Amino acid sequence: MKLIFGPMATLSHQGMRRTLSKFGGVDEYYTEMIHTSSLVAGGQYEPYYILNETENEKIVWQLTGNKLDDFAEAAKIVCQKGGIGIDINMGCSAPDIVRSGAGIAWMKKPLSETAKILESVRGVLNENKINNCKRLSVKFRLGAEDWTEKKFYNFIDMLVSEGVSQFVLHPRTQKEKLCRPIRLHYCEELAKYILEKYGTYAKDANAFQIILNGNIKDVESAMAAQKKCPSCHGIMIARGAVQKPWVFSQIKNKMNSEYYFEQTDIISKKEIDLLNVAKVFIEDLKECQPKDFWKSRAHRFFVYYCNNFMFASQVRCNILNCVNLEDMILQLENYFEKMPEERFLK
Ligand SMILES: Cc1cc2nc3c(=O)[nH]c(=O)nc-3n(C[C@H](O)[C@H](O)[C@H](O)COP(=O)(O)O)c2cc1C
74 MKLIFGPMAT LSHQGMRRTL SKFGGVDEYY TEMIHTSSLV AGGQYEPYYI LNETENEKIV
134 WQLTGNKLDD FAEAAKIVCQ KGGIGIDINM GCSAPDIVRS GAGIAWMKKP LSETAKILES
194 VRGVLNENKI NNCKRLSVKF RLGAEDWTEK KFYNFIDMLV SEGVSQFVLH PRTQKEKLCR
254 PIRLHYCEEL AKYILEKYGT YAKDANAFQI ILNGNIKDVE SAMAAQKKCP SCHGIMIARG
314 AVQKPWVFSQ IKNKMNSEYY FEQTDIISKK EIDLLNVAKV FIEDLKECQP KDFWKSRAHR
374 FFVYYCNNFM FASQVRCNIL NCVNLEDMIL QLENYFEKMP EERFLK
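Our numbering puts the first residue of the sequence shown at 74, with every later residue one more than the last.
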């Protein structure tokens, strides 16, 4: 099973990828959603969204938007930078995104309208001759609250006919919050459906890849998901990877006894120094994001990273009250002074 870092606005940026790469184990990095119209218009911060210096060959560009022409233009821009391919966000249920006609709104429009977007991006990928950025993928949910299997599989048939080859299912409905239990059996059903209906026609056995996503946060949950979804080809981890940037490496080790990742500064000992990891992330953030983003991106990181600690809400609250990065690290140092036994993970 391949392991994929999921797309998260404000989190799946080059700084986070850099930190993750120091631990290894990631097969693909989805970028945070990149707004097609802003990218095409040359927005002030857009260059930071398309940075690709870390493991460029593993990057998947996730695009979001609502205008056909902008999708094609944005696809041309990211495609030139290399990577594995382009993903279209058809699962985001944030109200402002849906209202704008993007994200999961694409699952609710007439299929022919959604197909046009895919066709235009597919066309750009097909024409790309300068590097290997060729694959078209879509990340989606089950649908809106009134979803039915019929509607869902009609949508899947349309994706297949438009040349989508990687399918990432986050098996929740539009309104289901991330704290709700996940129904992974839908990922297994989807994999079986695609492989049985279309797999035999594919020249390449790996032509279709079905990826499960939701609530995978450690080795145990990854192994349980693999057992539940044996037909799936990969696991996407989003929040869990921010909390534990070493999680991919741990899962890889468990799944593949031959997996070996060269030791680096960050994992040179047989233990993980949680203070050092936070400091490394802050440095990566400073080097890879504009100053205007430092505070908000660091806060977002600590929202999840603090879940590693016994008194998570207290330390999180202290850090979220800090306005600069140095004070955030100081708060963490204070915490470890009081709780030294929490600093090192064996
Ligand atoms: C802060 C945040 C931002 C997100 N942004 C995106 C996004 O840009 N594109 C997307 O497809 N999904 C986005 N998601 C959804 C995640 O990719 C993922 O589907 C969800 O968090 C469930 O996976 P997890 O349990 O591994 O976190 C976001 C989730 C979070 C928590």
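The beta carbon of each residue, even a glycine, is placed where N, CA and C say it ideally should be. Being a predicted model, the structure only gives us computed values, none of them experimental.
Assigned secondary structure, residue i (DSSP; H/G/I helix, E/B strand, else coil)
i	result
Asn286	strand
Thr104	coil
Met309	strand
Gly196	helix
Thr92	helix
Phe366	helix
Arg373	helix
Gln239	strand
Arg48	No statement about residue 48 is possible, as the shown extent of the chain runs from 74 to 419 and does not include it.
Leu251	coil
Thr221	coil
Leu84	coil
Ile132	strand
Ala188	helix
Ile177	coil
Ile420	Shown here, the chain extends from 74 to 419; a query on residue 420 therefore has no answer.
Val233	helix
Ser330	coil
Ala280	coil
Leu257	coil
Tyr118	coil
Ser322	helix
Asn380	helix
Ser294	helix
Lys182	coil
Asn201	coil
Lys59	Since the first residue of the chain shown is 74 and the last is 419, residue 59 is not available in this structure.
Val396	coil
Cys361	helix
Identified DSSP bridge partners for residue i
i	result
Asp346	Phe417
Gly216	Thr246
Ile77	Glu101, Met309
Thr127	In DSSP, Thr127 forms no bridge with anything.
Thr137	His108
Arg208	Gly158
8 angstroms contact criterion, which residue i and residue j should meet: CB distance rounded
i	j	result
Leu268	Leu285	Actually they do not touch by this definition, with Cβ atoms about 14 angstroms apart.
Leu348	Arg245	About 35 angstroms; that fails the 8 angstroms criterion.
Ile283	Ala314	In fact, because the Cβ distance is near 20 angstroms, the residues do not count as touching under 8 angstroms.
Thr137	Ala175	5 angstroms
Phe281	Tyr271	6 angstroms
Gly287	Ile324	In fact, because the Cβ distance is near 15 angstroms, the residues do not count as touching under 8 angstroms.
Phe321	Val99	5 angstroms
Arg214	Gly164	5 angstroms
Ile310	Phe78	7 angstroms
Lys154	Thr109	Not quite, the Cβ-Cβ distance comes to about 15 angstroms (not below 8 angstroms), so this is no contact.
Lys224	Glu261	That belief does not hold up - the Cβ atoms of Lys224 and Glu261 are roughly 19 angstroms apart, past 8 angstroms.
Cutoff 8 angstroms: residue i Cβ touching any chain C Cβ
i	result
Pro303	Although the question refers to chain C, the structure presented lacks it and comprises just one protein chain.
(message) Counting beta carbon pairs with one atom in the segment 138 to 149 and one in the segment 116 to 128, are three or more of them shorter than 8 angstroms?
(response) no
(request) Could you tell me whether the segment 283 to 297 touches the segment 346 to 363, using the rule of 3 or more Cβ pairs below 8 angstroms? (result) no
(request) Scan the segment 141 to 172 and note each continuous alpha helix (DSSP H) run of 4 residues or more that stays entirely inside, going in chain order. (result) 141 to 152, 168 to 172
(request) Tell me, please, whether the segment 193 to 210 touches the segment 153 to 161 by the rule of three or more beta-carbon pairs shorter than 8 angstroms. (result) yes
(message) Is it the case that the segment 188 to 205 contacts the segment 242 to 252, given that we only count it when at least three CB pairs across the two stretches are under 8 angstroms?
(response) no
(message) Assess contact between the segment 99 to 108 and the segment 124 to 141, defined as three or more Cβ pairs (one per stretch) separated by less than 8 angstroms. Is contact present?
(response) yes
(request) Specify whether the segment 365 to 384 and the segment 84 to 96 touch according to this definition: at least 3 beta carbon pairs, one from each stretch, less than 8 angstroms apart. (result) yes
(request) Could you tell me whether the segment 378 to 394 touches the segment 307 to 325, using the rule of 3 or more Cβ pairs below 8 angstroms? (result) yes
(message) Three or more C-beta pairs under 8 angstroms: does that hold for the segment 225 to 234 against the segment 182 to 196?
(response) yes
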